[in-house]
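Same order as they appear, the protein sequences are chains B and G.
Last residue of the first sequence? That's 1632 in this note's numbering, and every number before it is there in order.
Last residue of the second sequence? That's 1632 in this note's numbering, and every number before it is there in order.
C-beta atoms are modelled at their ideal positions from N, C-alpha and C, and glycine is treated no differently.
Since the structure is predicted, the reported quantities are computational estimates derived from the model, not experimental observations.
Working notes for the structure below.
2 protein chains.
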Amino acid sequence: MPACRVTITSVKTAAVGSGRRDRAGRAYRYEETARFITDLVDNGTLIPGARVPSLREITRQRRVSLSTALQAYRALEDRGVLQARPQSGFYVAKRAPILLEAPAISKPPARPTTVAVSGVVPKFLEYAGDPNLLPLGCAIPDAELLAAGRLDRFLARAARAKGVDYNKYTAPKGDPRLRREIARRALRWGQVLSPEDIVITCGCTEALVLALKVVSRPGDTIAIESPTYFGFLQVLEALDLRALELPTDAKSGVDLAALARALEATPVKACLFASSFNNPLGCTMSDERKRAVLELLAEHRVPLIEDDIYGDIYFGDDRPRPFMAMDPPGTIYCSSFSKTIAPGYRVGWIVPGRYMARVLDHKFALTMCGPALPQAALADFLSSGGYDSHLRRVRRTFRENIDRMMRTIDRTFPRGTRVSRPDGGFVLWLELPKPLASRELFEAALKKGICFVPGDVFSTSGRYANCLRVSCGSIWHPRIERGLETLGALAGTLLARRPRGASRR
Amino acid sequence: MPACRVTITSVKTAAVGSGRRDRAGRAYRYEETARFITDLVDNGTLIPGARVPSLREITRQRRVSLSTALQAYRALEDRGVLQARPQSGFYVAKRAPILLEAPAISKPPARPTTVAVSGVVPKFLEYAGDPNLLPLGCAIPDAELLAAGRLDRFLARAARAKGVDYNKYTAPKGDPRLRREIARRALRWGQVLSPEDIVITCGCTEALVLALKVVSRPGDTIAIESPTYFGFLQVLEALDLRALELPTDAKSGVDLAALARALEATPVKACLFASSFNNPLGCTMSDERKRAVLELLAEHRVPLIEDDIYGDIYFGDDRPRPFMAMDPPGTIYCSSFSKTIAPGYRVGWIVPGRYMARVLDHKFALTMCGPALPQAALADFLSSGGYDSHLRRVRRTFRENIDRMMRTIDRTFPRGTRVSRPDGGFVLWLELPKPLASRELFEAALKKGICFVPGDVFSTSGRYANCLRVSCGSIWHPRIERGLETLGALAGTLLARRPRGASRR
């Protein structure tokens, strides 16, 4: 192994893990200080090798006792964030760069595939919802992180104050106030939307179903990224659609040349792409590539359905622009609040553009309308202005989580493991050294109380058997670090047993 | 006209309408007394011609002042419920029996029809939701009637107490506590259901979509009652299914001989029938007829999808048993809380029997799961025991409404008008004398601020142009009585203008 890689033994497992809390759920004082320093390191204010404030300085700045400050610095030393230099003080550790390679571009077959993933997904949802399992499976944010948004108080208030008025079917497009708030938020990427352009749906899932229903008929072919969110596959199967999986790079997204060839060779009825931070790869196309995609699609008169569910969870300075912002004809935009504030509320939306009338017909046919009070509560919450600060907190947490998990994976998974490096969202995609099968790892991990999603679920052509997706949506905790370490060790053991097993690091 | 029919002039419009309330929303004392007497009349305790308690008696019994009792009796006299006989006291008015005939059995074409109702329904939903229109359009119960159930307080409490725990995706089948409560309620018709037999859906609409998805493929034919709920037609169209409309009697339901012929002649993939109180006809099959239907279907191996959404709103002594209670193989049961307590909550359910696994797959694909807190609130509400007393109140209100509206229709609509006589639910189906077109009446009524649903919307073969559905879901109010009177007068005027117009009463 390369000398600069951090090995298991070189980082002591944090005895006092980050995120320690007392019984009332408050973070220990020393953890607040540790967090403060970690934030400065993570956001680049304190670069590797830099001297951090002395214990006396931090005592004054943070108004903590000397022993609290010392406890914080010791914890950060344990976690490999800081290094103590005798007679000199504490410095930001020169962390080994993460050397895990990114997954190679995918190579799915260049022909449409009948989708058959039935039965698989509900099973994984059950595992993902099992509170006894380590939550690396389900891609929803930690309840505690969401609670800080206080959306539930808005719902309680709405139920008390407006319960009678709202106990009826909503307008066909959904709560007008909520649609206005959603329209306002499109200004962030410089787009003017009207509340009348938007239809509220039962999560992003229903938005996608409506979009696919209005652009396709049973038997048609839809082009998708590969790997792709298993929920997309489930939808395609339910609507009797065929999938054409496109080669996709973990950084730059769909391969443009492959898309061009596919559009020439196959009667593609629509494309279904993530707007940003594709689940599970984390890839985002640049604005230039997005424009190139739209030009190609316009040339072939193929509509684009985009899923922007992760768009607000960006780690860079600017929110990525959705395809819709480039004002193309025939693009249908889908999103929801499930990944940022309200997975339990099931509120998504669709901007169907020219397909509005048909979307409304189908919306009425499939679910008529959504519950009224959760929509009202979300509208109240959004107009209260609390959403943006909540989003900042969520983004910071996920960025830190991803960094921590990558480091843990780096030091505990077998050599040859590749991992995605998303600039947003909260999932990681791991490619294990072949012939390691993630299903085998899954069974072994379940026995240890650890859940993730095996890679084959993200393809309909039998690919990614050596891959897996882990969710980084939970607030960081030693339990998660230990779980990942266990997973890495399990992977190593399984690999060693294989005939062509690669050497263990 | 027959001499015994009550004419417009023989009943004075109630100057002090029923349901008068003071500013705090409490019914006036005299109204409580009037209601007490009306209930005794409506439930048959006091028959026409019977002497009602004297003013002194009622004063003692109800603990009201003599002037309150007198005001109540005068109001009831105004409303035609009581008659005063000089020197003798008050008697129950010998009301003219309602002579309106029931609609004749429908005669739809005996071949499957492509369904094309798109665009029509969302428009009607918008009218139905317009608070400026008289609410005879939308078949949802009055908000005030629902408010008495206090479900919203359960939601507010759940949001406060369990908001964090419930801000995640529910189990694939939905909230287990809610499913347990729903299973318990099946005991009322003597059936043993397990919570595991039930999947929570986004209203009854999604339940029907799931049922149809798992028993049919695009292009298949589904047999339905005729007329049928326009929402069914919208669903059939969205799923690319064809409709075979069956002759249906306003009292006894689907014509069995016609069903037998249809099953012989047409490859029917499934039947979609109401369990009871079909919307819009109000018909309910007897247990014997239900069994005969099931035998026929078993013989042809055709599954039955039943919609029991009105089942709890029965006016007789016993709740009608759904088809499912007869334990047939291949029956899929659908229902929801929308008609009794929670239209705004969008909580329905499906009991898919042998189709469970496929229903779960499709549920995940279409909407994944429903919002968690409304389900939790409903579970709390049901287990609190408040639902049954709420249902009794709802049933009594709707029974009274239907009686009142039939009397108003009887005295104000043109001769030859036929009207359904449902034993449950809260809609009436009117057949106007031909050539009166209900669309024409609809346009004229809208201008007067009155909304209903024209009959052609309930068929996909262009029938029922002279019919309409009126909802009796609102708490009775002089505004509704006046609206119906206006509607009857409008119908008369339009009919008189027609070349072959029947004579005006």
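Item	Value
Is G/L1500 close to chain B? Criterion is C-beta to C-beta, closer than 9 Å.	yes
At the 9 Å Cβ level, is B/A1484 part of the contact set with chain G, yes or no?	yes
Using the Cβ count rule (16 or more neighbours within 10 Å means buried), how would you classify B/K1221?	exposed
Report the start-end ranges of each alpha helix (DSSP H) in the region 1226-1310 of chain G that is 4 residues or longer and not cut off at the edges.	1247-1255, 1270-1274 and 1278-1293
What separation, rounded to the nearest whole angstrom, lies between the Cα atoms of B/W1556 and G/G1552?	54 Å
Who are the near neighbours of G/F1357 in its chain, counting only those whose CB is closer than 8 Å to its CB and skipping five residues on each side?	V1244, V1247, V1248, F1251, V1580, V1584 and F1585
Could you tell me whether the Cβ atoms of B/T1328 and B/I1477 are closer together than 9 Å?	yes
Where does G/C1331 fall in DSSP's three states?	helix
Compute the Euclidean distance between the alpha carbons of G/Y1472 and G/A1384, then round it to the nearest angstrom.	40 Å
What residue range does the alpha helix (DSSP H) around G/L1621 cover?	P1605 to R1624
Look at the alpha carbon of B/K1340 and the alpha carbon of B/L1371, and state the distance between them as a whole number of angstroms.	17 Å
Decide if B/G1576 is buried, meaning its Cβ has at least 16 other Cβ atoms within 10 Å, or exposed.	exposed
Might you give, ordered along the chain, the residues of its own chain that have their beta carbon closer than 6 Å to the beta carbon of G/M1483, omitting 5 neighbours on each side?	none
Taking 9 Å as the threshold (beta carbon to beta carbon), is B/Y1514 in contact with chain G?	no
Give the DSSP-derived three-state secondary structure of B/S1565 in the structure shown.	helix
So, is the C-beta of G/S1245 closer than 9 Å to a C-beta in chain B?	yes
Is G/L1314 near G/I1432, with beta carbons less than 9 Å apart?	no
Check whether the Cβ atoms of G/G1475 and G/E1253 lie closer than 9 Å to each other.	no
Among G/R1428, G/P1562 and G/T1186, which has the Cα closest to the Cα of G/V1395?	G/R1428
Distance check for G/G1346 and G/E1364, CA to CA, integer angstroms please.	10 Å
Identify, in the order they occur along the chain, each residue of the same chain with its Cβ nearer than 8 Å to the Cβ of B/H1517, setting aside the five sequence neighbours on each side.	A1275, G1276, T1467 and I1468
Alpha carbons only, please: which of G/D1376, G/P1455, G/D1515 and G/P1449 is nearest the one belonging to G/A1425?	G/P1455
Check this for me: beta carbons of B/R1284 and B/D1488, under 9 Å apart or not?	no
Just checking: is the beta-carbon of G/V1138 within a distance shorter than 9 Å of some beta-carbon in chain B?	In this predicted model, G/V1138 has a pLDDT of only 27, less than 50, meaning its place in the structure is not dependable; the value taken from the coordinates is given anyway. Not closer than 9 Å to any Cβ of chain B, the Cβ of G/V1138 fails to qualify, so no.
Within 10 Å of its beta-carbon, does G/E1228 have 16 or more other beta-carbons around it, so buried, or fewer, so exposed?	exposed
Would you call the region 1411-1418 of chain B and the region 1445-1454 of chain B touching, i.e. three or more CB-CB distances under 8 Å?	yes
Got a sec? Which residues, its chain only, sit under 6 Å from G/E1612 by beta carbon, not counting five neighbours each side?	T1539
Quick one: is G/Q1188 buried, meaning 16 or more other Cβ sit within 10 Å of its Cβ, or exposed?	exposed
I'd like to know if G/Y1437 contacts chain D, where contact means its C-beta is closer than 9 Å to some C-beta of that chain.	The structure shown has no chain D; the protein chains it does contain are B and G.
In angstroms, rounded to a whole number, what distance separates the CA positions of G/V1180 and G/V1208?	Correcting the residue type first, residue 1180 of chain G is Pro in the shown sequence and not Val. Approximately 14 Å, taken between the alpha carbons.
Does any C-beta atom of chain B lie closer than 9 Å to the C-beta of G/D1149?	Unreliable positioning characterises G/D1149 in this predicted model, as indicated by a pLDDT of 48, which lies under 50. A coordinate reading is not provided.
Grab the span of the alpha helix (DSSP H) containing B/A1196 for me, first residue to last.	L1193 to D1205
Under the assumption that G/R1287 contacts B/D1279 (Cβ atoms under 8 Å), give the Cβ distance between them as a whole number of angstroms.	7 Å
Under 8 Å, CB to CB, which of the residues in the region 1328-1348 of chain G have a partner in chain B?	C1329, G1330, T1332, E1333, V1336, K1340, R1344 and P1345
Over what stretch of residues does the alpha helix (DSSP H) that includes B/S1516 continue unbroken?	G1513 to T1539
So, is the C-beta of G/T1587 closer than 9 Å to a C-beta in chain B?	no
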